[in-house]
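Data first, discussion second: the structure below is written as structure tokens.
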Amino acid sequence: MFFVAAGIYRIIISYLLNRQICSKMFSVTECILLNLCVLSS
0 MFFVAAGIYR IIISYLLNRQ ICSKMFSVTE CILLNLCVLS S
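The sequence shown maps to residues 0 to 40 in numbering that gives the first Met the number 0.
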């Protein structure tokens, strides 16, 4: 279940980044931290 959730999480983050919504929803720092969490997992 964890891997499925992680996969969905990555897809959502990728979607947000691709749509450039991230800068509107989160601060730049939070975006970078989210990206690091996704890439490191």
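By construction, the Cβ of each residue, glycine as well, lies at the ideal position given by its N, Cα and C atoms. Being a predicted model, the structure only gives us computed values, none of them experimental.
Whole angstroms is fine: what's the gap from Leu35's alpha carbon to Ala5's?
14 Å
C-alpha distance - Leu15 paired with Ile7, whole-angstrom precision:
12 Å
Please check the pair Ile11 and Leu33, which I expect to be a contact at CB under 8 Å, by giving their CB distance rounded to whole angstroms.
Not confirmed; about 10 Å, so no contact.
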